[in-house]
Amino acid sequence: LGCTVSNILRYYFIMVSLLWNGVEAYNMNLMLLKVFDHGVTNFMVKAIIPSWGLPVLVITQIMIVDDESFNGIFVDCTFR
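Numbering of the sequence shown is given in this note's numbering, commencing with residue 12 and proceeding in unit increments.
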C-alpha cells in the first residue's frame, strides 16, 4: 500500500508540474505576443482547474484499467 500511494503521488505531481509548465508557456505567449490585449479574464481559475484536475482523471483511468500499474517493489518503490 505504501509503494502504491507513493507512486500515485509521484505520478500525480510530475503530471501537475508538466501541466503548469504548459500554463506558464501559454501565459508568456499571451504576454509577449499580444501586448495590447488585456489578457484572458479569470486566467488563474481557468488554469487551475485543468492543471490540478486533469492528472486526477488520468490516474483514475489508469487505476480502472490496470490496478496493479502503481504497485512497485517494496525496497525501492519504482514504477513497473
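Note that beta-carbon positions come from the ideal geometry of N, C-alpha and C, so glycine has one too.
DSSP state of residue i mapped onto helix, strand, coil
i: Ser80; result: coil
i: Lys57; result: helix
N- and C-terminal bounds of the alpha helix (DSSP H) containing residue i
i: Asn11; result: Past the edges of the chain, shown from 12 to 91, lies residue 11, and the structure says nothing about it.
Beta-carbon proximity check, residue i vs residue j, cutoff 7 Å
i: Val34; j: Ala58; result: yes
i: Tyr23; j: Ile73; result: no
i: Leu29; j: Ser62; result: no
For residue j and residue i, the rounded distance between their alpha carbons
i: Met55; j: Phe81; result: 31 Å
i: Leu41; j: Cys14; result: 40 Å
i: Lys45; j: Gly64; result: 28 Å
i: Ala36; j: Ile75; result: 32 Å
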